[in-house]
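Numbering (this note's numbering), first residue to last: 87 to 710. Where is the CB? At the ideal position from N, CA and C, for every residue including glycine. Values in this document were obtained by computation on a predicted structure and should not be read as measured data.
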């Protein structure tokens, strides 16, 4: 987890995020005596020179050319010290901007290459990757601080001829703050105190001077050559209302790369209107919220965010057949998959309302993670092959001699070295070798007698639809948003099926996650894909019951691959094999698909299953 202690400026005073709203409103209304930038966190320069370079672009370029790019640690150290000194340097805004522009790509180079140390790791980071993540946060915060100093210097005495300088500093400051915001989301950590308030303030300054839509050249952009202050601000706002805690870490990074291309489709509305799905109070250190969560009294000072055009563009793209999606009016960068687009279309397209009220909880739940573990425990800790009642694949191999060409008129039949008989009994004596079965050779049918780990988690709160659970110890690496889990209460009566909806790290320490119940129980089974030449192996699947009260048909939870809509499959339940077809895919996540299915024929018992005397009544139990 990142260090979430309050950030301090170089003077040593912690930033007070809870600035009074009436003060901010007064500042915004009296632009002739502009004081709003003074609330930005930036030190007052006190030094007249730099120790590592002369304070001019030519000398700084020479210093940058000598940075050891092959040694990221040393390069990061030098950049960190250089930025710290630069933020203490007394220099004109024009010169400061030139120096920062030279350092900026180097900072992003280092941060990008250091990500491998803390991304795609366990959710709770060990000490070393946590320090690397904090270093990246600090580098980009120091870079943003330099641009904020320019804003502080220029805003009170702004003139038209400074428009290029001022708009660049505003855009760069927002872009610099977006980095720590995105990284906090990737690590499921709280955003640092004051960051949202600074983002809001910088945009309000740009809007006050009519610079918010001025195009600014952006060499670090992925999909365009220019980004305005408003577009850069919208990137942050979209990150704030994308429900990133419900997304996988990799997808959060992909989303961040795509947002600059999508930001022109989002409208910021002042004053807020009925078409604003989200809104924010620029005087408060908070991300956007649904507009309906604000009171009427708050409306006059709200900034509205209309995301409907973007959500509609995503929905139109998803409605196209696969072969018609390229080219698309909506730019879909590489790596943006259908699951992520569906998530974003929902997040930006309508208000999410909680179905059930939460109740504070107590006690613990036992939890297992992943399809393999869930299948194992739902099946009563039986091995997969035992559950399917399949013949063991590990019996000793049996060999016999087979004549390659046994024709009556074989011209070689009379050769002296071929007339030894037609069976292995005529061979020379040999030693039988029995090769033991290796369980790892066949994961889908492995006995898996080893037990899967379970975890006892404290209940923070609960509702009929799910739980908020707290991890008190180390979080396993396989835990991800969208992962299947099984839960069992203290009574130990059966396992319920759930999915991890969100993950977050709390400031008080520890990790919390929200899980949504999918079904109170499931039927463990195996499913294989029927092919013309050879069927696939059986893979672990779970059959979920029909919920008639909610008009939900029976479904099956299956691995992401190889199963798709329209596939013909064989389902094995306790040794009974039945043909079926997969139809509507209701849910798709990074770890599983949920399909509706239709059975074709009556159960076909495998050779290992014997008829039961009460079998004739099986169809009766469900109707009584």
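Sixteen is the threshold: when 16 or more other Cβ atoms of the shown chains lie within 10 Å of the Cβ of residue 289, as they do, the residue is buried.
The C-alpha of residue 132 lies about 25 angstroms from the C-alpha of residue 260. In this chain, the beta strand (DSSP E) harbouring residue 353 covers 353-355.
When the Cα atoms are used, residue 304 and residue 310 turn out to be separated by approximately 8 angstroms. Ranking 187, 577 and 397 by CA distance to the CA of residue 324 puts 397 first.
Looking only at 669, 157, 572 and 153, the smallest Cα-Cα distance to residue 610 is reached by 572. With contacts defined by Cβ atoms closer than 7 angstroms, residue 651 and residue 664 do not form a contacting pair.
Sequence-distant Cβ neighbours of residue 199 in its own chain, meaning closer than 6 angstroms and more than five residues away, are 158.
DSSP, reduced to helix, strand and coil, places residue 127 outside both helices and strands of the structure shown, so it counts as coil. In the DSSP assignment, residue 542 forms a beta bridge with 452. Contact annotation: the segment 554-574 touches the segment 674-683, with at least three C-beta pairs closer than 8 angstroms. If one requires a minimum length of 3 residues, the beta strand (DSSP E) runs lying completely within the segment 301-382 are 353-355 and 364-366, in chain order.
DSSP lists 557 and 591 as the bridge partner or partners of residue 597. For residue 245, the three-state secondary structure derived from DSSP is coil. Shown here for residue 351: same chain residues with a beta carbon closer than 7 angstroms to its own, the five before and five after excluded, namely 395, 396 and 399 in chain order. Fewer than three Cβ pairs drawn from the segment 334-342 and the segment 237-252 lie within less than 8 angstroms of each other, which leaves the two stretches out of contact. Collapsing the DSSP output to three states places residue 197 in a helix.
Sequence-distant partners of residue 154 (beyond 5 residues in either direction) whose C-beta falls short of 7 angstroms from its own C-beta, in its chain, are 160 and 161. Between residue 574 and residue 452, the CB-CB gap stays under 7 angstroms. DSSP places residue 276 outside both helix and strand once states are collapsed to three, so it counts as coil. Between residue 387 and residue 280 a beta carbon distance of about 19 angstroms is seen, past the 8 angstroms cut, so the two are scored as non-contacting.
With a cutoff of 7 angstroms on beta-carbon distance, residue 589 and residue 274 are scored as near each other.
For residue 236, there is no enclosing beta strand (DSSP E); the residue is found in the alpha helix (DSSP H) stretching over 213-240.
Apart from the 5 residues on each side of it in sequence, residue 307 sits with its Cβ closer than 6 angstroms to the Cβ of 313 and 346 in its chain, given in chain order. One Cα belongs to residue 458, the other to residue 425, and the distance between them is close to 22 angstroms. In the DSSP assignment, residue 683 falls within the unbroken beta strand (DSSP E) covering 679-685.
Burial state of residue 364 is buried, judged by a 10 Å Cβ sphere holding 16 or more other Cβ atoms. A contact between stretches requires three or more CB pairs, one per stretch, nearer than 8 angstroms, and the segment 401-410 fails this requirement with the segment 285-302. Contact between residue 577 and residue 607 is ruled out by a C-beta separation of about 14 angstroms, above the 8 angstroms threshold. At least 7 angstroms separates the beta-carbon of residue 470 from that of residue 538. Residue environment for residue 560: exposed (fewer than 16 other C-beta atoms within 10 angstroms of its C-beta). In this structure residue 151 is exposed. Its beta-carbon is surrounded by fewer than 16 other beta-carbon atoms within 10 angstroms. Between residue 315 and residue 292, the C-beta spacing is below 7 angstroms. The alpha-carbon separation between residue 201 and residue 579 amounts to approximately 43 angstroms. By the neighbour-count criterion, in which 16 or more other beta carbons inside 10 Å mark a residue as buried, residue 449 falls on the exposed side. Assigned with DSSP and collapsed to three states, residue 548 falls in strand.
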